[in-house]
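> Mind looking over this structure? Questions follow.
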Amino acid sequence: MIRGRPDDLQNTHVTVSRPQRQHRSVLPSPAPSSLPARFRMFRSCEWEVLERSLNILQASDFYWGPLSVGEAHAKLQREPVGTYLVRDSSQGNYLFSLSVRMPTGPVSLRISFQEGYFRLKNWFSDCVVRLLELVVAGTRNNPLHFDEMGGTPLVFSEPLCRSRQTVPTLQELCRQRLPGGCQSLPAATGQGAGSSGMRSREEVASPPSGRGGSEQNVVPCPSLAQAGR
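Quick note on numbering: the UniProt record's numbering labels position 191 of the sequence shown as 191, and the sequence is numbered without any gaps.
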């Protein structure tokens, strides 16, 4: 978790799980020209997932790009509890961070990318927007709690959009950006024994055991349009 000023990140110790190190392999050549430079430290089999997910995320209107943690928290400070946004992670080992307004103030969590899936706690998907749909639906009935913050519940409810317009559904985003649509694996929900808890000053989500996770515990997810503005 991150709290406080942007310069606090300078002293942040980053814990990278072993599977994640394996994905930072020697770069094949050439790299896809459509991906930003920081997206090119992955195996060729992951490029398609990254490029597709980034295209959909950029059309979502709640992706703020290279926004610092301080700027993100300032934008969320006066928003209702549960309001969130997605931004580029300040740490080189991670692609995206999810900043959310809690009752005690804004905090940020890292979204990890492991084995071709984006992960946050026990939720995972090959599409960032789909991952957020799972998180919004999952925390609605089962808020996250962190002992380090006095057990304050963490709920995701409304995305903070750049244009303040209605958030399109995942299906609409896929049709808009990708004619073939967006495929994603059902994600495990809740906080089981595999949850990693708090590490350093941002949340590092550990992958569930096995590729598929606990598919039996999937929660049907409404679109972000039902939860956002």
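From the three backbone atoms N, C-alpha and C, an ideal C-beta is built for every residue, glycine too.
Roughly how many angstroms lie between the CA atoms of CYS127 and GLY82, to the nearest whole one?
Going by the C-alpha atoms only, they are around 21 Å apart.
> So SER53 is in the beta strand (DSSP E); what residue range does that whole segment cover?
Counting along the chain, SER53 falls outside any beta strand (DSSP E), though it belongs to the alpha helix (DSSP H) covering 44-58.
> DSSP three-state call for GLU158: helix, strand or coil?
Correct three-state label for GLU158: strand.
> Do you know offhand how far LEU154's Cα is from PRO103's?
The straight-line gap from Cα to Cα measures roughly 8 Å.
> Note down, one range per segment and in chain order, each alpha helix (DSSP H) of at least 4 residues found wholly within the UniProt domain "SH2" (60-144).
With a minimum length of 4 residues, the continuous alpha helix (DSSP H) runs that stay inside the UniProt domain "SH2" (60-144) are 69-76, 128-141.
> By the three-class DSSP mapping on this structure, what secondary structure does PRO153 have?
In this structure, PRO153 counts as strand in the three-state DSSP scheme.
> In angstroms, rounded to a whole number, what distance separates the CA positions of VAL49 and GLY65?
Roughly 18 Å separates the two Cα atoms.
> If contacts are defined as beta-carbon pairs under 8 Å, then ALA72 and LEU85 qualify, I think. What distance do you get, rounded to the angstrom?
Sure, about 6 Å apart at Cβ, within 8 Å.
> For the candidate residues PHE124, ARG101, ILE111, whose alpha-carbon lies nearest to that of SER157?
Taking only the C-alpha atoms, the option nearest SER157 is ARG101.
> Just confirm the distance between the C-beta atoms of PHE118 and SER53, as a whole number of angstroms; I'd bet it's less than 8 Å.
At roughly 7 Å, the Cβ-Cβ gap stays under 8 Å, so PHE118 and SER53 are in contact.
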